[in-house]
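Taking the numbering used here, the leading residue of the sequence shown gets 131, the next gets one more, and so forth. Yeah, the Cβ is synthetic: ideal placement off N, Cα and C, and Gly gets one too. All of these numbers come straight from a predicted model, not from anything done at the bench.
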Amino acid sequence: VRHKFVGRRPTVGDLRAHDNRRHSRILSTVDLPLGGLGVPTDTGLYFAEIGIGTPSRKYYVQVDTGSDILWVNCISCRRCPRKSDLGV
131 VRHKFVGRRP
141 TVGDLRAHDN
151 RRHSRILSTV
161 DLPLGGLGVP
171 TDTGLYFAEI
181 GIGTPSRKYY
191 VQVDTGSDIL
201 WVNCISCRRC
211 PRKSDLGV
């Protein structure tokens with residue numbers, strides 16, 4: 131394993147630039163159609179269907195738009211909700 135900053139101590143600017151490039155690469159490959167109403171006065175719940183694993187299994191995830199977090203149920207269920215009781 132080779133470290134990007136071998137032989138020198140990176141500056142905060144170096145680390146910030148590195149993270150910005152990394153985040154741009156990661157986000158450029160993400161294109162999830164989101165369900166939900168998107169009404170600011172509503173609960174703000176968004177969801178998407180994604181595949182996880184090899185072979186891929188489909189899951190409905192809740193998307194936290196205020197962070198980089200996706201909430202995935204850790205166990206499967208027969209009739210998992212695909213929308214909330216709020217009609218989202």
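Beta-carbon proximity list for residue i, same chain, < 6 Å, skipping 5 on both sides
i	result
G181	K188
Those residues which DSSP pairs with residue i across a bridge
i	result
R187	I182
V202	V191
is_contact[residue i, chain D] using C-beta, thresh 9 Å
i	result
R152	No chain D appears in this structure, which consists of one protein chain only.
Span separating the alpha-carbon of residue i from that of residue j
i	j	result
P140	I156	22 Å
V136	G196	35 Å
G183	D144	34 Å
V142	S154	18 Å
E179	V191	6 Å
A147	D198	19 Å
P185	K134	33 Å
L200	S158	17 Å
R138	R152	20 Å
CB-CB length for residue i against residue j, believed under 8 Å
i	j	result
Y176	V193	4 Å
Own chain, CB closer than 7 Å to residue i, minus 5 neighbours either side, in chain order
i	result
N150	none
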